[in-house]
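Residue numbers (the numbering used here), protein chains in the order written: chain A, 1 to 499; chain B, 500 to 697.
Structural data, given as structure tokens:
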């Protein structure tokens with residue numbers, strides 16, 4: 001009985017909370033209602049990501065902190081897994097959000113989609129609880145099936161992998177069947193092909209093998225071909241649709257750009273996979289192929305900046321949702337800087353020999369994931385909130401505008417600060433541990449003990465706190481923005497072909 | 500209205516996108532088939548499992564400007580000569596232990612993982628084990644009770660006790676020894692082994 005009481009109380013609390021936000025779900029279509037479920041979980045996992053990131057950052061400074069309770073490997077695993085999963089939730093939510101509008105029809109398998117959401121969320125909850133409470137297992141198959149697969153980014157145990165694939169298939173069915181029933185657009189085509197690749201690639205990470213070189217070979221198929229290829233195309237799709245909605249950019253223009261981006265992204269990103277094959281036992285032709293193609297990887301990101309900024313300027317920044325547009329611009333620059341520039345800086349094998357496996361990668365990882373993926377998801381959250389409140393005006397003179405402005409400023413300053421601090425640590429590590437001391441264990445620790453490294457870790461924590469403050473403000477703003485707004489958004493018509 | 504030039508047409512870029520994607524993927528498939536063949540256990544780049552019965556060194560090659568693994572004569576692990584199948588089972592136990600204990604979220608393997616603890620790629624060959632004779636014993640004690648046997652070189656970072664069984668610890672050592680024999684194209688660079696440059 002106590003359990004039921006507790007559940008009821010939790011439900012009441014939830015209802016009171018959602019009433020206090022004043023968000024009215026009658027404003028949403030059924031697909032959008034499903035989307036906001038995904039967004040809600042995404043935000044919760046975003047908070048978890050930052051909290052566990054802070055714990056791990058503290059352990060770099062105070063190694064005894066939480067030792068034997070929540071060791072670094074647990075915090076770090078939850079930190080990166082929460083990130084991957086919240087971004088996926090954001091993407092799935094965004095696609096469900098735009099699906100009905102883009103296809104001009106209702107989602108075909110909505111109940112199935114709802115079921116998949118709850119199954120996925122339950123699975124994620126169980127996986128995280130096992131990570132935190134059981135943490136590790138004995139060296140046998142059952143540990144990899146039930147507790148933790150121990151492979152960075154895709155640590156989820158095998159049972160959860162299978163669940164994820166099933167949920168992705170449901171999602172894929174909904175996307176394809178809905179587009180097939182309604183309007184099939186260029187965006188629909190790119191999205192469909194991209195989701196086939198996205199789901200298919202995950203299978204490459206689901207096989208155990210003793211041979212470490214081949215294990216890492218397939219592991220990178222998932223990680224790289226997700227993050228540096230299919231995810232990039234996915235955000236290209238979301239960006240294309242968003243620009244049409246926010247600014248009224250003509251469909252023909254965004255779709256042409258989308259095809260150009262796909263060509264550049266896959267043309268550089270697929271073989272750019274080779275930059276992960278420099279040092280894992282794979283043949284040395286990958287040094288040339290990986291170096292060459294990954295050096296091209298920033299090009300599509302430049303194209304995306306040009307696309308976003310040109311279209312925004314062409315429409316004189318006129319739009320009804322300033323926070324969303326600001327985050328789209330942050331995405332364009334963040335993607336280029338974090339994924340493009342920071343990736344390029346250490347992608348050539350001649351440099352990577354020294355930087356591989358140092359804080360360089362952490363520096364790049366922080367700015368790239370934030371710049372490329374967190375930003376576009378946040379932009380979409382603002383779009384969703386605007387409609388959740390009844391398509392209100394979210395342009396100039398909106399009440400409490402300081403909140404979204406400070407949130408975007410703090411988050412960007414926080415992440416950029418962490419990135420630079422980690423870059424300094426990475427430089428120091430590459431010089432001392434790698435170049436001078438030849439990567440021995442003693443060399444590793446003389447790098448870690450160096451004041452430049454230690455200071456960098458303090459700065460990283462400080463900027464981590466700034467990021468956390470920005471996130472707190474962001475969540476507050478998302479829950480309250482436009483609460484008292486009565487003006488409706490101006491209708492943005494698509495520009496004519498002549499304009 | 501002016502006619503849109505060919506290069507600016509949506510349909511043109513659609514075709515380019517499809518061909519570029521398909522072409523890149525095809526090349527990747529071909530390279531993957533070759534890479535998988537070259538990285539087979541016992542092939543040219545990844546040693547057979549029974550290499551754990553032999554001396555493994557990592558030496559700088561003037562001509563290639565990189566170090567490569569050099570497999571020498573007999574140097575048994577735990578005083579025992581393992582058959583290929585026995586060695587595979589032991590390395591496999593080690594790898595499963597490394598995964599189940601989530602080592603990769605502090606350490607790096609072949610340079611991949613987290614950066615809170617040293618890279619394990621050539622850990623078997625590290626000078627920190629003092630001498631060839633002392634290595635096996637030191638490493639085993641370290642793995643079974645890191646809190647009392649850890650060598651942290653003046654940092655106060657500690658490896659928590661992973662509660663390994665003795666067999667798991669032996670598996671991890673076999674795995675580390677086998678991994679140090681993988682040809683990693685010279686990563687890590689300028690690494691000086693326990694054996695010194697002869």
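Cβ atoms here follow ideal geometry from the backbone N, Cα and C, with glycine treated the same way.
Just so you know, these numbers come straight off a predicted model, no measurement behind them.
Which of helix, strand or coil DSSP assigns to residue i
i: residue 451 (chain A); result: helix
i: residue 154 (chain A); result: coil
i: residue 571 (chain B); result: strand
i: residue 6 (chain A); result: helix
i: residue 566 (chain B); result: strand
i: residue 200 (chain A); result: helix
i: residue 579 (chain B); result: strand
i: residue 497 (chain A); result: Its pLDDT being 45, under 50, residue 497 (chain A) is placed unreliably in this model, and the value from its coordinates should be taken loosely. In the structure shown, residue 497 (chain A) sits in coil (DSSP, three-state: anything other than H, G, I, E or B).
i: residue 95 (chain A); result: helix
i: residue 483 (chain A); result: coil
i: residue 237 (chain A); result: helix
i: residue 545 (chain B); result: strand
i: residue 131 (chain A); result: helix
i: residue 658 (chain B); result: coil
i: residue 89 (chain A); result: helix
Other residues of its chain near residue i: CB distance less than 6 Å, five sequence neighbours each side excluded
i: residue 456 (chain A); result: 421, 424 and 425
i: residue 89 (chain A); result: 38, 41 and 42
i: residue 499 (chain A); result: Residue confidence is low: residue 499 (chain A) scores 38 on pLDDT, short of 50, so the model does not pin down where it sits. Its coordinate-derived value is still stated next. Nothing meets the Cβ criterion.
i: residue 112 (chain A); result: 170
i: residue 163 (chain A); result: 123
i: residue 35 (chain A); result: 93, 96 and 97
i: residue 471 (chain A); result: 50
i: residue 607 (chain B); result: 618
Contacts of residue i in chain A (Cβ-Cβ under 7 Å)
i: residue 577 (chain B); result: By Cβ distance, chain A contributes nothing, its closest Cβ being about 17 Å from residue 577 (chain B), past 7 Å.
i: residue 501 (chain B); result: Result: empty, since nearest Cβ-Cβ is about 11 Å, beyond 7 Å.
i: residue 603 (chain B); result: 150, 151 and 152
Residues near residue i in its chain [Cβ-Cβ closer than 8 Å; skip 5 each side]
i: residue 553 (chain B); result: 570, 571, 572, 573 and 574
i: residue 266 (chain A); result: 229 and 233
i: residue 336 (chain A); result: 298, 301, 302, 304, 305 and 371
Cβ-based burial, residue i [other Cβ within 10 Å; buried from 16]
i: residue 17 (chain A); result: exposed
i: residue 578 (chain B); result: exposed
i: residue 496 (chain A); result: Reliability fails at residue 496 (chain A), whose pLDDT of 48 lies under 50, so the model's placement of it is uncertain and no value is given.
i: residue 316 (chain A); result: exposed
i: residue 396 (chain A); result: exposed
i: residue 183 (chain A); result: exposed
i: residue 359 (chain A); result: buried
i: residue 188 (chain A); result: buried
i: residue 354 (chain A); result: buried
For residue i, the nearest candidate out of the options (CA to CA)
i: residue 551 (chain B); options: B:655, B:623 and B:618; result: B:623
i: residue 555 (chain B); options: B:676, B:661 and B:597; result: B:676
i: residue 564 (chain B); options: A:419, A:350 and A:396; result: A:350
i: residue 60 (chain A); options: A:343, A:451 and A:485; result: A:451
i: residue 584 (chain A); options: A:404, A:25, A:154 and A:177; result: The displayed coordinates of chain A run from 1 to 499. Any statement about residue 584 (chain A) would go beyond what the structure contains.
i: residue 465 (chain A); options: A:431, A:53, A:439 and A:147; result: A:53
i: residue 649 (chain B); options: B:533, B:628 and B:667; result: B:628
i: residue 399 (chain A); options: A:274, A:58, A:323 and A:141; result: A:323
i: residue 596 (chain B); options: B:673, B:689 and B:583; result: B:673
i: residue 282 (chain A); options: B:685, B:691 and B:693; result: B:685
i: residue 469 (chain A); options: A:419, A:486, A:406 and A:367; result: A:406
i: residue 109 (chain A); options: A:179, A:156 and A:73; result: A:179
i: residue 244 (chain A); options: A:472, A:196, A:307 and A:302; result: A:307
i: residue 64 (chain A); options: B:657, B:600 and B:688; result: B:657
i: residue 528 (chain B); options: A:210, A:270, A:327 and A:255; result: A:270
i: residue 166 (chain A); options: A:117, A:128, A:211 and A:185; result: A:117
i: residue 292 (chain A); options: A:135, A:11, A:192 and A:273; result: A:273
Interface partners of residue i on chain B, CB under 7 Å
i: residue 87 (chain A); result: Neighbours of residue 87 (chain A) on chain B: none; closest Cβ ~19 Å, over 7 Å.
Under 8 Å from the C-beta of residue i: neighbouring residues of chain A
i: residue 544 (chain B); result: 213, 281, 282 and 283
i: residue 655 (chain B); result: 63 and 64
i: residue 608 (chain B); result: 212 and 216
Neighbouring residues, chain B, relative to residue i (Cβ below 9 Å)
i: residue 239 (chain A); result: Here the premise fails: no neighbours, minimum Cβ distance about 16 Å.
i: residue 260 (chain A); result: 512, 515 and 516
Proximal residues of chain B, C-beta to C-beta of residue i below 8 Å
i: residue 159 (chain A); result: Here the premise fails: no neighbours, minimum Cβ distance about 15 Å.
i: residue 278 (chain A); result: 684 and 686
i: residue 67 (chain A); result: 657 and 659
Same chain, Cβ closer than 7 Å to residue i, neighbours up to 5 away in sequence not counted
i: residue 437 (chain A); result: 443 and 446
The ligand NAD heavy atom lying under 7 Å from the CB of residue i
i: residue 39 (chain A); result: Annotation note on the ligand NAD: not contained in the displayed structure, which lists no ligands.
Chain-ordered chain A contacts of residue i [CB-CB under 9 Å]
i: residue 634 (chain B); result: Under the 9 Å cutoff, chain A gives no residues; its nearest Cβ is about 13 Å from residue 634 (chain B).
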